[in-house]
Amino acid sequence: MEKNTLFYVILVILVVQYLVHQYLEYLNAKRFKSTLPPELADIYDENEYRKSQQYKQTNYRFGVISDGFSLVLTICFLLFGGFEWVDQLTRSFTDEPIPMALIFFGIIMLGSSILGLPFSYYRTFVIEEQYGFNKTTKSIFVSDKLKGGILTIVLGGGILTLFMLFYQSTGPNFWMYAWAMVAGVILFINLFYSRLIVPLFNKQTPLQDGSLKSSIENYAQKVGFELQNIFVIDGSKRSTKANAYFSGFGKEKRITLFDTLINDLSEDEIVAVLAHEVGHYKKKHIIVNLIVSLLTTGLTLFILSLFINHPEISLAIGVSTPSFHAALVGFALLYSPISEITGLIMNYLSRKFEFQADDFAKTTFEATPLVSSLKKLSKKSLSNLTPHPAYVFVHYSHPPLVERIRNLKA
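Read in order, the letters of the sequence shown correspond to residues 147 to 556 in this note's numbering.
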């Protein structure tokens with residue numbers, strides 16, 4: 147089958163994105179052995195620093211292999227008619243557009259999951275195990291994959307079905323209805339993620355009465371942050387790495403602490419971390435991120451509506467019969483450079499918000515315990531303390547540790 151121009155455009159996009167990504171990874175890897183800034187000199191001793199360098203090098207080499215495999219697989223799938231084969235297989239079951247789309251994407255996602263399984267297993271049970279992070283058992287690993295797959299089928303299948311119903315019933319204006327639906331889904335997940343999704347994977351328990359809870363509640367009252375829900379999540383059943391996050395709005399608003407965070411940090415350090423999270427709420431960062439996310443989604447759907455009916459978009463992935471589901475894949479591949487640009491903007495905004503949340507914590511609580519907590523968390527996770535600026539600009543949603551510490555001490 148003769149390939150159209152867009153087919154080769156997609157190949158160029160895939161290769162260029164891979165080369166740019168690998169070049170940034172290479173630049174970043176060259177700085178793994180850089181001398182630590184004075185502000186970070188007390189985080190690692192010599193043995194720990196050597197271990198952190200080895201961990202970063204191991205992940206870098208693993209990334210080169212896994213990313214290279216993904217690129218080669220995708221290009222071969224395009225060149226040797228993989229999408230055409232899946233499309234024809236799908237059409238052997240049904241010729242109804244919605245069931246066709248569900249079967250088509252189901253086959254693609256199943257194949258992708260199976261091929262990605264060895265890499266996921268190796269990262270969890272070899273790399274993370276080697277450096278003392280992994281606490282995931284084989285049964286939890288399998289259970290997580292199955293639950294994640296079922297969620298994808300239910301949520302993804304439901305969204306795709308509604309998406310196509312809008313397309314069939316409203317014509318060129320389908321993107322507005324799809325946008326409203328996506329907005330509803332995003333809002334719903336933001337509100338009920340901790341209540342409905344998290345319990346499928348983790349156990350959450352209310353923080354017990356005691357000194358820590360009193361300190362958190364006293365701080366929340368001091369800054370006028372209404373807080374009734376403080377939960378502890380059993381993150382330690384998967385990893386030794388620690389975290390804390392804020393979710394929901396109104397009555398669904400809650401703060402969740404990993405049990406590893408409670409074990410690793412002092413009381414003041416935990417309150418300082420939460421002060422940072424409260425800062426995001428008080429500075430309206432969550433609302434701004436939500437609005438920006440909805441606007442970029444709306445823009446994407448609008449552009450999709452302009453091109454979805456062009457047969458060339460479907461034919462660009464090598465299928466012989468144009469269809470909505472093939473056009474979605476073609477559009478996603480062709481649109482990926484624009485997605486990269488919007489990702490850069492979102493990361494820039496996120497780094498700016500992190501500084502503002504740090505400033506809020508410094509003003510309303512203290513800088514010193516936040517600095518010490520950031521150092522402890524970085525040490526515990528063997529994080530990269532000397533990332534390359536170009537890598538930070540493209541990939542980091544948080545500023546490098548040294549920049550955050552300098553800002554807190556300013």
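C-beta: ideal position from N, C-alpha, C; glycine also.
Range of the contiguous alpha helix (DSSP H) that encloses residue i
i	result
V210	E192 to L225
F178	Unbroken run through F178: none, as it is neither H nor E.
T494	At residue 494 the sequence reads Tyr, which differs from the Thr that was named. It spans F470 to T510 - the alpha helix (DSSP H) in which Y494 sits, taken as one unbroken run.
G96	With the chain running from 147 to 556 in the structure shown, residue 96 is simply not present.
A418	E413 to K428
Y542	From DSSP, Y542 is part of no alpha helix (DSSP H); its letter is neither H nor E.
V465	Here V465 belongs to no alpha helix (DSSP H), and DSSP marks it neither H nor E.
H534	Neither: H534 is in no alpha helix (DSSP H) and is coded neither H nor E.
V438	H431 to F453
Short Cβ contact (9 Å threshold) for residue i with residue j
i	j	result
I343	L152	no
P245	L531	no
V424	F506	yes
D213	H167	yes
A462	L480	yes
F279	S527	yes
A473	H456	yes
E275	K525	no
I273	F208	yes
E549	Q163	no
K284	F271	yes
V475	I254	yes
Distance between beta carbons of residue j and residue i, contact taken as under 8 Å
i	j	result
I401	L420	6 Å
F377	A388	So it is not a contact: roughly 15 Å between Cβ atoms.
L261	L297	The pair is not a contact, with the Cβ atoms about 20 Å apart (cut-off 8 Å).
F371	H426	Contact doesn't hold; Cβ gap of about 11 Å is too wide.
I332	S469	Rounded, the Cβ-Cβ distance is 27 Å, inconsistent with contact.
Minimum C-alpha distance to residue i - residue among the options
i	options	result
L224	S543, N150, K202 and R196	N150
N205	L554, E549, S529 and R550	S529
F226	N280, G464 and L490	G464
Q502	M327, N553, P243 and E230	N553
F539	A326, S216, L170 and S266	L170
F309	A513, S518 and H471	H471
F395	D414, L373, A418 and L411	L373
K383	S266, D290 and Q234	D290
T406	K399, L256, S385 and H544	S385
Y172	Y313, K498, Q203 and D191	Q203
Where the beta strand (DSSP E) containing residue i begins and where it ends
i	result
R400	R400 to F404
Length at least 4, wholly inside the stretch 305 to 390: the alpha helix (DSSP H) runs in chain order: 320 to 338 and 357 to 368
Can you list, in chain order, the stretches of the alpha helix (DSSP H) that have 4 or more residues and sit fully within the stretch 215 to 281? Look at the stretch 215 to 281 and you find these whole runs of alpha helix (DSSP H), each 4 residues long or longer: 228 to 237 and 243 to 268.
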